[in-house]
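Enquirer: Provided herewith is a single structure, encoded as structure tokens, for subsequent inquiry.
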Amino acid sequence: MTERTGRQAGKVVLITGAARGQGRSHALRLASEGADVIAVDICAPLDGVAYPMATREDLDETVAGIRERGGRVSAHVADVRDADALGKAVTAGVEELGGVDVVLANAGIGMASPHVSAAQAFRDQLDVNTVGVWNTVQAAAPIMIAQGRGGAVVVTSSSMGLSGRGGDGSGQMDGYIASKHALVGLVRGWAHWLAPHSIRVNSVHPSGVATTMVLNDAVAALFTDPPAGSGTGQVPDVGNLLPVGLLEPGDITAAVSWLISDEARYVTGVALPVDAGFTVR
Numbered sequence: 242m243t244e245r246t247g248r249q250a251g252k253v254v255l256i257t258g259a260a261r262g263q264g265r266s267h268a269l270r271l272a273s274e275g276a277d278v279i280a281v282d283i284c285a286p287l288d289g290v291a292y293p294m295a296t297r298e299d300l301d302e303t304v305a306g307i308r309e310r311g312g313r314v315s316a317h318v319a320d321v322r323d324a325d326a327l328g329k330a331v332t333a334g335v336e337e338l339g340g341v342d343v344v345l346a347n348a349g350i351g352m353a354s355p356h357v358s359a360a361q362a363f364r365d366q367l368d369v370n371t372v373g374v375w376n377t378v379q380a381a382a383p384i385m386i387a388q389g390r391g392g393a394v395v396v397t398s399s400s401m402g403l404s405g406r407g408g409d410g411s412g413q414m415d416g417y418i419a420s421k422h423a424l425v426g427l428v429r430g431w432a433h434w435l436a437p438h439s440i441r442v443n444s445v446h447p448s449g450v451a452t453t454m455v456l457n458d459a460v461a462a463l464f465t466d467p468p469a470g471s472g473t474g475q476v477p478d479v480g481n482l483l484p485v486g487l488l489e490p491g492d493i494t495a496a497v498s499w500l501i502s503d504e505a506r507y508v509t510g511v512a513l514p515v516d517a518g519f520t521v522r
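Put into structure tokens, the structure is as follows:
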């Protein structure tokens with residue numbers, strides 16, 4: 242087998258939400274930089290989410306792209322809310338690819354379906370965006386510790402994890418903002434936990450990114466017909482400081498690639514905005 246070269250050569254990267262969007266972008270770039278990938282996605286609808294989730298066909302497309310770039314891949318369908326299923330997927334991927342060096346806890350949800358209650362919308366956000374991330378890191382970190390070769394964890398939060406802008410008192414927005422803020426605390430705690438093992442832990446905080454989570458009919462309707470009970474009834478303030486609307490997935494991937502590289506070997510416990518100035522506007 243030809244030896245891989247590149248910025249991430251020799252690394253095995255676990256990515257949740259890998260079937261499309263930011264997860265796919267991460268997988269393809271890191272494969273082109275020499276990494277192998279454990280790709281995990283739910284590949285099934287979620288009743289409380291207002292837009293279509295990724296499919297098995299989406300995951301297969303990601304797998305094909307990784308292989309086209311010379312990477313090995315171990316792909317698994319698992320729900321990050323299900324710790325047992327996720328743990329089995331991670332274990333199988335580790336066995337197939339020979340370990341895990343990087344964790345990208347990327348899976349998350351956005352806009353809630355209008356038919357779910359405020360309480361359910363709030364809980365769904367926490368279950369996927371916070372508990373799912375906790376499950377991911379808890380499944381992989383003990384393996385990384387046992388390996389004794391260091392590594393990196395990057396958690397995908399949001400600009401809403403650093404700001405309350407856009408908050409409207411709804412179950413969905415309360416849940417999203419709370420779930421993404423919670424990740425900052427987890428990252429800081431994990432940075433202390435894992436530093437003795439030379440494992441770095443950071444979070445990235447994008448503003449709106451051009452993926453299905455944002456580019457869907459439900460979000461479009463929010464801008465044309467704000468829901469009743471959303472404070473003033475005005476469209477939430479989601480503008481960036483720089484003259485750009487949505488970021489591209491590759492913009493976030495570029496930051497992630499740096500954070501997991503040796504160039505950032507002393508960067509840990511950091512909440513990195515990649516948000517075109519959203520959080521300082």
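The numbers in my numbering rise by one with no breaks, and the one at position 105 of the sequence shown is 346.
For each residue, glycine too, the CB sits at the ideal point set by N, CA and C.
Output the distance between the C-alpha atoms of Glu336 and Leu269, rounded to the nearest integer angstrom.
Expert: Here residue 336 refers to the residue found at position 95 when the sequence shown is read from its first residue. Here residue 269 refers to the residue found at position 28 when the sequence shown is read from its first residue. Computed Cα separation, rounded: 21 Å.
Enquirer: Counting C-beta neighbours from all protein chains within 10 Å, is the total for Ala250 16 or more, i.e. buried, or is it exposed?
Expert: As a working mapping, residue 250 is identified with position 9 in the sequence shown. Burial call: exposed.
Enquirer: Please confirm whether Ala432 and Leu255 have their CB atoms less than 7 Å apart.
Expert: On the sequence shown, position 191 is the one that residue 432 refers to. On the sequence shown, position 14 is the one that residue 255 refers to. For Ala432 and Leu255, no; Cβs fall outside 7 Å.
Enquirer: Do you know offhand how far Gly426's Cα is from Ala333's?
Expert: To locate residue 426, count along the sequence shown from 1; it is residue 185. To locate residue 333, count along the sequence shown from 1; it is residue 92. Rounded to the nearest angstrom, the two C-alpha atoms are 29 Å apart.
Enquirer: On a CA-only basis, which of Leu345, Ser420 and Leu435 is nearest Ala387? Give me that one, please.
Expert: Sequence index remark: in the sequence shown, residue 387 carries index 146 (1-based). Considering only alpha carbons, the answer is Leu435.
Enquirer: For Thr397, name the three-state secondary structure that DSSP assigns.
Expert: Reading the sequence shown from its first residue, position 156 is the one you call residue 397. Three-state DSSP puts Thr397 in a strand.
Enquirer: Hey, which unbroken runs of the alpha helix (DSSP H) at 4 residues or more fall wholly within the region 263-339?
Expert: Those alpha helix (DSSP H) runs which fall completely within the region 263-339 and span 4+ residues are 297-309 and 324-338.
Enquirer: Give me whichever residues DSSP pairs with Thr257 in a beta bridge.
Expert: Here residue 257 refers to the residue found at position 16 of the sequence shown. Partner(s): Val281.
Enquirer: If you reduce the DSSP assignment to three classes, tell me which class Arg522 lands in.
Expert: Locating residue 522 in the sequence shown gives position 281, counting from the first residue. It is coil, neither helix nor strand.
Enquirer: Could you pull the start and end residues of the alpha helix (DSSP H) that Asn443 belongs to?
Expert: As a working note, residue 443 is residue 202 in the sequence shown. Segment Ile440 to Pro447 is the beta strand (DSSP E) holding Asn443; no alpha helix (DSSP H) there.
Enquirer: Please report how far the alpha carbon of Leu513 lies from the alpha carbon of Val395, in whole angstroms.
Expert: Looking up residue 513 in the sequence shown gives position 272. Looking up residue 395 in the sequence shown gives position 154. Distance between the alpha carbons of Leu513 and Val395: 10 Å.
Enquirer: Assuming His317 contacts Ala305 under a Cβ cut-off of 8 Å, what Cβ separation, rounded to an integer in Å, is found between them?
Expert: Sequence index remark: in the sequence shown, residue 317 carries index 76 (1-based). Sequence index remark: in the sequence shown, residue 305 carries index 64 (1-based). The pair is not a contact, with the Cβ atoms about 16 Å apart (cut-off 8 Å).
Enquirer: Which residue wins for smallest C-alpha separation from Gly491, given the options Pro484, Ile501 and Ala451?
Expert: Taking the first residue of the sequence shown as 1, we reach residue 491 at position 250. Residue Ala451 is the option with its Cα nearest to Gly491.
Enquirer: In whole angstroms, give me the CA-to-CA distance for Phe363 and Val314.
Expert: Position 122 of the sequence shown, counting from 1, holds the residue named residue 363. Position 73 of the sequence shown, counting from 1, holds the residue named residue 314. Rounded to the nearest angstrom, the two C-alpha atoms are 34 Å apart.
Enquirer: What does a CB cutoff of less than 6 Å around Gly472 pick up in its chain, not counting 5 residues either side in sequence?
Expert: Counting from 1 along the sequence shown, the entry for residue 472 is found at position 231. Any reading at Gly472 must be qualified, since the residue scores a pLDDT of 41, below 50, and its modelled position is unreliable; no value is offered.
Enquirer: Along the chain, where does the alpha helix (DSSP H) that runs through Ala517 open and close?
Expert: Locating residue 517 in the sequence shown gives position 276, where the first residue counts as 1. Run containing Ala517: none; DSSP gives neither H nor E here.
Enquirer: From the beta carbon of Ser358, is the nearest beta carbon of chain D less than 7 Å away?
Expert: Of the protein chains in the structure, only one exists, and it is not chain D.
Enquirer: Looking only at its own chain, which residues have a Cβ that is under 7 Å from the Cβ of Ala469, when we skip the five neighbours before and after it?
Expert: Within the sequence shown, numbered from 1, the residue matching residue 469 stands at position 228. The predicted model places Ala469 with a pLDDT of 48, which falls under 50 and marks its position as unreliable; any figure quoted below should be read in that light. Result list for Ala469: empty, nothing under 7 Å.
Enquirer: Relative to the alpha-carbon of Ser354, which residue among Thr371, Pro293 and Gly402 has its alpha-carbon at the smallest distance?
Expert: Position 113 of the sequence shown holds residue 354. Closest by alpha carbon: Pro293.
Enquirer: So what's Leu427 in DSSP terms, helix, strand or just coil?
Expert: Against the sequence shown, residue 427 aligns to sequence position 186. If DSSP states are grouped into helix, strand and coil, Leu427 belongs with the helices.
Enquirer: Helix, strand or coil: how does DSSP classify Gln475 here?
Expert: Along the sequence shown, one-based indexing puts residue 475 at 234. Only weak support exists for where Gln475 lies, its pLDDT of 39 falling under 50; the value from the coordinates is given anyway. Gln475 falls in the coil class under three-state DSSP.
Enquirer: Does DSSP classify Leu403 as helix, strand or coil?
Expert: Translated into the one-based positions of the sequence shown, residue 403 becomes position 162. Looking at Leu403 - three-state DSSP - the assignment turns out to be coil, as it is neither helix nor strand.
Enquirer: Return helix, strand or coil for Ala353, following the three-state DSSP convention.
Expert: As a position in the sequence shown, residue 353 is number 112, starting the count at 1. Ala353 falls in the strand class under three-state DSSP.
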